[in-house]
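Read the structure below first, then the notes.
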Amino acid sequence: MIINRRFALSALLAGAAVIILACVLVNAINNRVMEDEYLHPLSHAEDAYDLLVVGGEPEGVAAAVSGARNGLNVLLVDTGPELGGLMTRGWLNSIDMNYGPDGEILNKGIFQEFYNRVEGDSFDVRTAVRTFNRLVNREEKLSVLLNAETITPVVEDEPLGRRAVTGIKLVHDGVLEEISARAVIDATQDADMAALAGVPFSLGQEDIGRQSGLMAVTRVFRLENVNWLDWLKILYHLRFTDDKKSTGANIHSAWGFYEQTSLYKPSDERLFLRGLNIGRQNDGSLLINALLIFGVDPLDPGSRQEAKKIAAREIPLIVDFINKHIPGLNKAVSGGMAPELYVRESRHIWGEYRLTLDDVLENRDFDDRIAFGSYPVDIQPADPGIPGIIIGAPQQYAVPFRCLVPRQVDGLLVVGRSAGFDSLAHGSARTIPVGMAAGQAAGAAAALAAENELTFREMAGSRPLITALQRRLNEQGMELKPFRIANELTGHEAYAGLKLVRGLGLASGGYNNDYQLDRDIAEQRYINILYQAAKQTGLGIKEHPALYPEGNVFNLYDACRMLVKFLGMDLSKQASFDYLAEKGVFAEHEDYWQDYMNPGQPLSHGAAYLLIKEFVDMLQEADIPQ
């Protein structure tokens, strides 16, 4: 073992030396080529443009560049001092990549242009700034206005109760300006323009019955005084001494140390230190994405500011902990904190279509595809007592153009994490490659709608125009092709039950989509799921009964008695089964239930999920006393 580890270390050092030299040369070339890529924003805007893009996030840059390349006179507006948003002000310097079944990057086009100019899926923040500037500077028809103090939409009422966004009002250098445009693209993180214009939305996970469910936010911080030898110690530990599948490292990033961080005790109950996501910068410093902050209202500036202060107090304690427990970081010192919080979730607009969790995990294609996703459905915790989960991992799914078209308001498209995605589907679709592809589609759609004098809603309903949009996007670097990928789980007889429970965020298949449908379920797990399902589905059950595991073989009759207790009835196990059978709970899948009618047969996860689903259906469809 000692010899093997010495050999591994020697191999690592030799390989690392080559990679380090290559990286140094690439970085030098990259920085020399791009050193003059400085942005020259406007001091004031014109009165009118063909297209206004609000938000300098990566999605907004893609939308603005795309609009300009399609012949529109475009203004990109942001409240921040530089382009890149979450990447450059939130220091989120690692990209959650989306690859197809063939291993190729799914979303090409402008995202691929960006990706090819940075260091890879983990990049230097300053490289990202220069790359966004470079993309913008190359477009003669694109102007940028930064550091706006406020931005609000100009909205006009239309017939049939509709509204239309016709421009924006902004305050810049203390001066109020009103700018008109045929179309506006909302690329803000929180769909601010859409909300102000009256677009309906859900907040956090309220669409699945979790009224206070918002994924935790993070404040990324920097570690300095880390040399190449220190970095190699990190790589060696994660490659050769930590055998967890969820850990890993490469020359630019590392992720893991879960056992070490689990020992950390925060000073505030609203904080949690998860495993470290580490991104190395060109100057040798490390960006750490690991500190979760709960109970933050991302739409309240005061709540955001409070979260920043809580993190600022905690980070020195975390750095001291890291010095003592993380290999290679014993001499690291704090190098500051990101000026902006990493907010994962806020509004989810209601579009002409809302992408669902089943769309994602059943690998669905759509005729109006404008982007693709494949990233796992990653739901970070919303509460210190509830761990984050990977609900499942798709192979490939399509994002429809209709997800960008908001209900009730014309003249507006929404791109980014707050577009038309259900909250759980957003766990995958919120990634930057998907958002930049959607941004590119939105910019091209703005040009096509103007050329045909149609609203986005009319365009979304026109098969010929959607085909024209896809053709144009393919000509401009994207690859939007139909696909068909089967999902083996859909043939399982208990799949309908899994869909319900999974759709409530109560079933996790992990990275391998293993939901253990045919394995026995623990009695306490069934109780926990039943409590949550009853709460989240809004069945009107006033009191939840006290349920306790008995410690025997947990079978169908035990589960039925627990269900009947939710109806306020105290029946025997057999009588509970008979009552539910009389109500038709077992009728649709009669053959499936035959084996479970043997009292010695333990209940499986699949059977438990299906039973809960049939119980929910019974309460929703019939007049059952509660």
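At position 127 of the sequence shown (counting the first as 1) the number is 156 in this note's numbering, and the numbers step up by one without a gap. All C-beta atoms in this analysis are idealised placements derived from N, C-alpha and C, irrespective of residue type, glycine included.
Reference Arg239, options Leu535, Trp622 and Asn176, closest by Cα: Per the Cα distances, Leu535.
Exposed unless 16 or more other CB atoms sit within 10 angstroms - verdict on His69: When all chains shown are included, His69 counts as exposed.
As assigned by DSSP and simplified to three states, the class of Thr117: Thr117 falls in the coil class under three-state DSSP.
Where Ala341 falls, given that 16 or more other Cβ within 10 Å makes a residue buried: Residue environment analysis places Ala341 among the exposed positions, since fewer than 16 neighbouring C-beta atoms fall within 10 angstroms of its C-beta.
Nearest to Gly449 (by Cα), restricted to the options Glu207, Val246, His377 and Val204: Closest by alpha carbon: His377.
Bridge-paired residues (DSSP) for Val530: Its beta-bridge partners do not exist; DSSP assigns none.
Cβ-Cβ separation, Ser95 to Gln469 (assumed contact under 8 Å), whole Å: About 4 Å separates the beta carbons of Gln469 and Ser95, which is inside the 8 Å limit, making them a contact pair.
Cβ shell of Glu369 (< 6 Å), same chain only, five flanking positions each side left out: Result list for Glu369: Arg118 and Gly119, in chain order.
Inter-stretch contact (C-beta, 8 Å, three-pair minimum) for the region 572-583 and the region 610-623: When Cβ pairs closer than 8 Å are counted between the two stretches, the region 572-583 is seen not to touch the region 610-623, the count staying below three.
Beta-bridge pairing of Val660 - partner residues as DSSP gives them: Any question about residue 660 goes unanswered here, given that the chain covers just 30 to 655.
Burial state of Asp396, where buried means 16 or more other Cβ atoms lie within 10 Å: The residue in question, Asp396, is exposed, as its Cβ has fewer than 16 Cβ neighbours within 10 Å.
Helix, strand or coil at Glu206 [DSSP, three-state]: Strand, per DSSP.
Close beta carbons around Leu639, own chain, < 7 Å, minus the five adjacent residues each side: The beta carbon of Leu639 lies closer than 7 Å to those of Ala523, Ala525, Gly526 and His618 in the same chain, with the five residues before and after it left out.
Helix, strand or coil at Asn584 according to DSSP, with G and I counted as helix: The answer is coil: DSSP assigns Asn584 none of H, G, I, E or B.
Classification of His455 by the beta-carbon crowding that lies within 10 angstroms, buried from 16 upward: Counting Cβ neighbours within 10 Å, His455 comes out buried, since at least 16 surround it.
Beta-carbon contacts of Gly308 that lie in its chain and below 6 Å, excluding the five residues immediately before and after: Once the five neighbours on either side are set aside, the close Cβ partners of Gly308 are Asn122, Ser123, Ser151, Ser282 and Leu316.
Coarse secondary structure for Tyr638, derived from DSSP in three states: Helix, per DSSP.
Gln561 versus Leu600 - alpha carbon distance: The straight-line gap from Cα to Cα measures roughly 22 Å.
Backbone CA spacing between Val249 and Asn318 [nearest angstrom]: Between the alpha carbons of Val249 and Asn318 lies a distance of about 5 Å.
Pick from Ser375, Gly196 and Arg303 that is closest to Gly242, judged by C-alpha positions: Distance from the Cα of Gly242 is smallest, within the candidate group Ser375, Gly196 and Arg303, for Ser375.
Interface flag, Leu648 vs chain D, CB-CB below 8 Å: Among the protein chains of the structure shown there is no chain D, as only one such chain exists.
Closest residue to Glu75 among Pro182, Gly100, Leu648 and Gly196 (Cα-Cα distance): Of Pro182, Gly100, Leu648 and Gly196, the residue nearest in Cα terms is Gly196.
Cut-off 6 Å between Cβ atoms - residues of its own chain near Glu178, not counting five sequence neighbours on either side: Within the same chain, Glu178 has close Cβ partners Val200.
One or two residues paired with Asp549 in a DSSP bridge: Among the bridge pairs identified by DSSP, Asp549 is matched with Ser633.
With 16 other Cβ atoms within 10 Å as the buried cut-off, status of Pro605: Note on identity: in this sequence residue 605 is Ser, with Pro being the wrong assignment. In summary, Ser605 is buried, with 16 or more beta-carbon neighbours lying within 10 Å of its beta-carbon over all protein chains present.
Within the region 278-348, ranges of the alpha helix (DSSP H) (whole runs, at least 4 residues): Those alpha helix (DSSP H) runs which fall completely within the region 278-348 and span 4+ residues are 287-290.
Element boundaries [beta strand (DSSP E), containing Leu104]: It spans Val103 to Val106 - the beta strand (DSSP E) in which Leu104 sits, taken as one unbroken run.
Length-filtered (3 minimum) beta strand (DSSP E) runs lying within the region 460-498: Restricted to the region 460-498, not a single beta strand (DSSP E) segment is unbroken, complete and at least 3 residues in length.
Ile351 to Asn359 span [Cα, whole Å]: Rounded to the nearest angstrom, the gap between the Cα atoms of Ile351 and Asn359 is 7 Å.
Delimiting residues of the alpha helix (DSSP H) encompassing Pro182: In the DSSP annotation of this structure, Pro182 is not part of any alpha helix (DSSP H); the continuous beta strand (DSSP E) holding it starts and ends at Thr179 to Asp186.
Sequence-distant residues of its chain with Cβ nearer than 6 Å to Ser114 (five each side left out): In the sequence on display, residue 114 carries Gly and not Ser. The beta carbon of Gly114 lies closer than 6 Å to those of Gly85 and Glu86 in the same chain, with the five residues before and after it left out.
Extent of the continuous beta strand (DSSP E) run through His201: Arg192 to His201 is the extent of the beta strand (DSSP E) around His201.
Per-residue DSSP class, three states only, for Ala223: Here DSSP, grouped into helix, strand and coil, assigns Ala223 to helix.
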